[in-house]
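Engineer: Mind looking over this structure? Questions follow.
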Amino acid sequence: MAITSNPRKTDDVRKAAGRLSSEARSADQLMEKISLLLNKEMLKYNWVGFYMLEAGASPPALVLGRYQGAMTVHTRIGLNQGICGAAAASGKTLVVDDVKKDPRYLACSLETKSEIVVPIFVHGKVAGELDIDSHFLAAFGDEDRELVEYCAQLVGKRLEHK
Ligand code: SME
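Our numbering puts the first residue of the sequence shown at 22, with every later residue one more than the last.
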């Protein structure tokens, strides 16, 4: 079972993300600041990054955007690949407590043990996603899921009003 992050901490970080959203000059800047915030403040969020659907690509592909953490070879992911592809294809948040047990998992780092991927919606359609890896098993509980979904919503809203 996941050990969720401290609700007081997630609440503080949620408020900080809301402030970033009103201050950011662009969606790109908001994604940069949110990845920095989550990586710095949430101790189990060891890699935090955005993948965005490439406009007009056929077949569709997710392209790595702003991120914090180690460099990854997965800069472009098809919708039929990885946990990232599955989250974008289904439009559902995916939480994987133990990546070793999920055959879909595309390894970025040997240290990664659990992962959450939250789709970003723009005008009701998946436009990208927020992907977070942890060096800890089952790092993402309900509090974390709510926080990451909130951050993904902020980016989606910002992309709608750019
Ligand atoms: N693990 C992801 C690939 C992206 S890296 O985590 C940065 C996946 O399985 O889709």
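Where is the CB? At the ideal position from N, CA and C, for every residue including glycine.
As a quick exercise: from E75, I24, D123, T114, pick the residue whose alpha carbon is nearest that of A148.
Structural biologist: Of the candidates E75, I24, D123, T114, the one whose C-alpha sits nearest the C-alpha of A148 is E75.
Engineer: Just checking T25 against ligand 1 - is the residue's beta carbon closer than 8 Å to any of the ligand's heavy atoms?
Structural biologist: T25: no, Cβ never under 8 Å from ligand 1.
Engineer: Terminal residues of the continuous alpha helix (DSSP H) containing Y171?
Structural biologist: 163-181
Engineer: Buried or exposed for A108, going by 16 or more other Cβ atoms inside 10 Å?
Structural biologist: That one is buried.
Engineer: Is it the case that the CB of A128 approaches a heavy atom of ligand 1 more closely than 8 Å?
Structural biologist: Within the cutoff, so yes.
Engineer: Is DSSP giving Q89 helix, strand or coil here?
Structural biologist: Q89 falls in the strand class under three-state DSSP.
Engineer: Give every residue of the same chain whose Cβ lies closer than 7 Å to the Cβ of K54, excluding the five residues on either side of it in the sequence, and list them in chain order.
Structural biologist: Hits under 7 Å: L41, A45.
Engineer: Curious, which full-length beta strand (DSSP E) runs of at least 3 residues does the segment 115-163 contain?
Structural biologist: 115-117, 135-143, 146-155
Engineer: Kindly examine ligand 1 and report whether one of its heavy atoms sits closer than 8 Å to the Cβ of G112.
Structural biologist: no
Engineer: Contact between the segment 149-158 and the segment 58-70 is defined here as three or more beta-carbon pairs at a separation below 8 Å; is this criterion met?
Structural biologist: yes
Engineer: Starting from I104 and walking both ways along the alpha helix (DSSP H), at which residues does that stretch end?
Structural biologist: 103-111
Engineer: Would you report the Cα separation of N101 and A37, rounded to the nearest angstrom?
Structural biologist: 34 Å
Engineer: Quick test of the definition: if touching needs 3 or more C-beta pairs under 8 Å, does the segment 109-118 touch the segment 88-96?
Structural biologist: Contact fails: fewer than three Cβ-Cβ distances are below 8 Å.
Engineer: Does DSSP put V34 in a helix, in a strand, or in coil?
Structural biologist: helix
Engineer: Flag this pair as yes or no: are the beta carbons of L51 and L175 separated by less than 9 Å?
Structural biologist: Pairing L51 with L175 gives a Cβ-Cβ distance under 9 Å.
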